[in-house]
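Q: Pasting a structure below so you can have a look.
In our numbering, the protein residues as written are 29 to 453.
See the structure below:
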């Protein structure tokens, strides 16, 4: 009895190659189906979120604007893209544009981390189509790339220079009003934007009198500020902050609005926030900074010079940021000096206990037992031995009036001309 098989039984009624082709065609068709382009938002691991206006063409070419800088908000760049198959359908930005710029591994190009850039992707796996949106997920860093169809009016606003003006409006308002709140279900929640790290932080009082903080990446759109992927605040998913004339409101994913109110100070007292909404104060790697006194600037420069007299394998130590890590439960502090030498990095850590009396801190060093901390300790005298170890300090919020950032400031009681600030983390 002979056997024959005239055709293959296709369980899915199409070959794998046909199914792949259909999916690629679906994604490509979606990208080019927006006649007025796309409003896009992308997350990064190191630098928060970024906004874009993108117009995809049938010829695998695109044009793009971005909130990366004032120039990128008005100067459109043209580049190419591909839709191809990996483990699934993928969108690849394969020539220079503002998205590939953020992946540049050279810090001097876009300000990214050496060898890593912003820790962002240029290849994105297709996730889903939802209404007028197409969502992709970064292939390596797994951050979202969200595309929302633009209207004709939105396209016009992006292309006539209004994007730059809108970004400036966002920054100006929240720089002048750093302490802002919304009320959800009768509960007041404070929020603050950091336009350098491209993030927003929400802080709310809980039923047990504790404070809960949550942060999320943001990006600028033509109408306001978008919260990447949304954020759950008091059981409500907030998605954006949108302008109506000169009034800005928070918007949840159901379209409900929440009035934004400005305040003269934080609803969270500083000593309640320290150790709860943030535990680390990071003194920046700079020659001067908002809230730094001339005495601090001089002393920081002196210890930087002294550290440069030490080397590892012939490479001098270079001072970077200084972290003040607080353990408010056990009243301990670790001061961490972040150093580089050549292409490598290391740290020096000095441990303290502290007392807090009438709102004033007294830091008591635990003498280093040995190692590099003991050897190099003398080189830090102008900062540690002559100020941190001997003075008492008042700590409070400090607003950088040029950026609206809410920082922590250390103020010496004994030496009023010794003050410095750091970022709260």
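Idealized CB from N, CA, C, for every residue including glycine.
All values derive from a computational prediction rather than experimental measurement.
Can you find the residues in the same chain that come closer than 8 Å, C-beta to C-beta, to residue 420, ignoring five residues on each side of it along the sequence?
A: Result list for residue 420: 388, 389, 390, 440, 441 and 442, in chain order.
Q: Does DSSP put residue 505 in a helix, a strand or coil?
A: Nothing about residue 505 can be reported from this structure: the residues present for the chain run from 29 to 453 only.
Q: Would residue 165 and residue 174 qualify as a contact pair, given that the criterion is a beta-carbon distance under 8 Å?
A: In this structure, residue 174 does not lie closer than 8 Å to residue 165 by Cβ.
Q: Between which two residues does the alpha helix (DSSP H) holding residue 331 run?
A: Start and end: 322-335.
Q: So, at 8 Å on beta carbons, what are the nonlocal neighbours of residue 191 in its own chain, with the 5 sequence-adjacent residues on each side left out?
A: Hits under 8 Å: 81, 93, 95, 101, 102, 185, 248 and 250.
Q: Counting beta carbon pairs with one atom in the region 114-131 and one in the region 219-228, are three or more of them shorter than 8 Å?
A: Taking 8 Å as the limit for Cβ pairs, the verdict is that the region 114-131 does not touch the region 219-228.
Q: Closer than 8 Å by C-beta to residue 112: which residues in its own chain qualify, once you throw out the five before and the five after it? Chain order, please.
A: Closer than 8 Å at Cβ, skipping near neighbours: 52, 118 and 120.
Q: My output table needs one value for residue 127: the three-state DSSP class, helix, strand or coil.
A: Residue 127: helix per DSSP, three-state reduction.
Q: Starting from residue 222, trace the beta strand (DSSP E) both ways and give me its first and last residue.
A: Here the beta strand (DSSP E) through residue 222 covers 215-222.
Q: Scan the region 331-416 and note each continuous beta strand (DSSP E) run of 3 residues or more that stays entirely inside, going in chain order.
A: Runs found: 346-355, 360-369, 372-385 and 388-393.
Q: Residues in its own chain within less than 7 Å of residue 27 by CB, not counting five upstream and five downstream?
A: This structure cannot settle anything about residue 27, because the visible part of the chain is limited to 29 through 453.
Q: In this structure, how does DSSP classify residue 453 when only helix, strand and coil are distinguished?
A: DSSP places residue 453 in coil when its eight states are reduced to three.
Q: Please go through the same chain and pick out, in chain order, the residues whose beta-carbon is closer than 7 Å to the beta-carbon of residue 375, but skip the five residues on each side of it.
A: Cβ neighbours of residue 375 beyond the five flanking positions: 364, 365, 366 and 367.
Q: Compute the distance between the beta-carbons of residue 335 and residue 407, then report whether it is under 8 Å.
A: Yes.
Q: So, at 6 Å on beta carbons, what are the nonlocal neighbours of residue 323 in its own chain, with the 5 sequence-adjacent residues on each side left out?
A: Hits under 6 Å: 445 and 446.
Q: Quick one: what's got a C-beta closer than 8 Å to residue 197's C-beta in the same chain, skipping five residues either side?
A: Counting only Cβ-Cβ distances below 8 Å, and skipping sequence neighbours, we find 271.
Q: Here's the rule I'm using: 16 or more other beta-carbon atoms within 10 Å means buried, otherwise exposed. How should residue 238 be labelled?
A: Classification for residue 238: exposed.
Q: Buried or exposed, going by whether 16 or more other CB atoms sit within 10 Å of the CB of residue 315?
A: Exposed, by the Cβ-count rule.
Q: Under the assumption that residue 279 contacts residue 292 (Cβ atoms under 8 Å), give the Cβ distance between them as a whole number of angstroms.
A: Going by Cβ atoms, the distance from residue 279 to residue 292 rounds to 25 Å, so no, they are not a contact pair.
Q: In terms of alpha-carbon separation, which member of 262, 210, 243 and 228 lies closest to residue 235?
A: Closest option to residue 235, Cα to Cα, is 262.
Q: Taking the CB atoms as reference points, tell me whether residue 435 and residue 319 lie closer together than 8 Å.
A: Cβ distance < 8 Å, so residue 435 and residue 319 count as in contact.
Q: For residue 140, count the other beta carbons within 10 Å of its own beta carbon; 16 or more makes it buried, fewer makes it exposed. Which is it?
A: By the neighbour-count rule (16 or more Cβ atoms within 10 Å), residue 140 is buried.
Q: Near residue 256, what residues of its chain come up, given a Cβ to Cβ distance below 6 Å and the 5 sequence neighbours on each side ignored?
A: Once the five neighbours on either side are set aside, the close Cβ partners of residue 256 are 69, 71, 77 and 245.
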